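S.K.: This structure is in structure tokens; I'll ask about it shortly.
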Amino acid sequence: MPEARTSGSTAGRKRDPLIEPRVFEAAVRVYARAGWGGFTFDAVAREAGVGKPAIYRRWSGGEELLVSALHNLDFPTARDCGSVRADLLDYARQWVHWYRHTDRALAGRRISLDSRARPALAALYEEMINRPRTEAAREITRRAIARGELAPAVRSSTLPDLLVGAMSTHWESTPESSRARLRRTFPAYAETLVDIILTGARAMPGGA
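Oh and the sequence shown: position 92 is 91 in numbering that gives the first Met the number 0, straight run, nothing missing.
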């Protein structure tokens, strides 16, 4: 992979605003299908249908490009929707949307493993994606406790861990031959899962 951006060759040149979205989608497709070993600027440029210099000018290396791509392609982020159930439903629906994009889901699984062997990739992934989104997900529980919807004894990691863990397990354990049906039933599954999780959390002593 390239080590550094070229410089000085683009002075005065107007950037095409459509290049970055194309490159991001292409980067995720290449990485999902070929893994880190096949993730090169050459491969991404071919997949995106852009010149390789356009990629060199924008990203310093494969780690930056890959993490930027995942960061910009609707990676699920928990939001404040007014109540704990609304927060969880919104978060669950984002994951439903994410899993409908096969390449994005596969790339997300790959990067969590590849990061263990590549410190530069791990650092960027932690900074741009994992830490801020994990913290946002834990805020669901903290807001619910502050509103009086859940007992203070509920750990901040419990709700997102149960939700994302169950959705991931359900998706991954479904054979490819049944994925078309799963795409139709996944939204209802996610909503049911939210209600099951909240029933358990509210049953804790001091809960609403």
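A virtual CB, placed ideally from N, CA and C, is assigned to each residue, including glycine.
As the structure is a prediction and not an experimental result, all values here were calculated from the model.
DSSP three-state label for Asp-48, please.
M.R.: Note that residue 48 corresponds to Gly in the displayed sequence, not to Asp. Correct three-state label for Gly-48: coil.
S.K.: Taking Phe-23 as part of the alpha helix (DSSP H), name the residues at either end of that continuous run.
M.R.: Looking at the DSSP string, the run of the alpha helix (DSSP H) that includes Phe-23 is 18-33.
S.K.: If Arg-57 sits next to Glu-19, beta carbons under 8 Å apart, how far is it from one beta carbon to the other, in whole angstroms?
M.R.: With a Cβ gap of about 7 Å, Arg-57 and Glu-19 count as contacting.
S.K.: Measuring CB atoms only, is the segment 57-69 touching the segment 79-87, in the sense that at least three cross pairs come out at less than 8 Å?
M.R.: Touching, no.
S.K.: Along the chain, which unbroken stretches of the alpha helix (DSSP H) at least 4 residues long are found entirely within the segment 64-152?
M.R.: Complete alpha helix (DSSP H) runs here, min 4: 83-99, 101-113, 118-124 and 130-146.
S.K.: How would you call Ser-114, buried or exposed, if buried means at least 16 neighbouring beta carbons within 10 angstroms?
M.R.: That one is buried.
S.K.: Exposed or buried, Gly-107, counting other C-beta atoms within 10 Å across all chains shown (16 or more means buried)?
M.R.: Buried is the call here.
S.K.: Flag this pair as yes or no: are the beta carbons of Pro-186 and Arg-32 separated by less than 9 Å?
M.R.: Their beta carbons are not under 9 Å apart, which means Pro-186 does not touch Arg-32 by this criterion.
S.K.: Mind reading off the beta-carbon distance from Thr-140 to Leu-161? Whole number of angstroms is fine, and I expect it under 8 Å.
M.R.: With a Cβ gap of about 11 Å, Thr-140 and Leu-161 do not count as contacting.
S.K.: Can you tell which of Ala-47, Thr-173, Gly-147 and Val-27 has its C-alpha closest to the C-alpha of Arg-215?
M.R.: The displayed coordinates of the chain run from 0 to 207. Any statement about residue 215 would go beyond what the structure contains.
S.K.: Whole angstroms is fine: what's the gap from Glu-134's alpha carbon to Ile-144's?
M.R.: Spanning the two alpha carbons is a distance of roughly 15 Å.
S.K.: Could you check what DSSP says for Ser-156 in three-state terms: helix, strand or coil?
M.R.: Coil, per DSSP.
S.K.: Are Asn-60 and Ala-152 touching if we call contact CB-CB under 9 Å?
M.R.: A small fix is needed here, since residue 60 is Gly in this sequence, not Asn. Not closer than 9 Å, so no.
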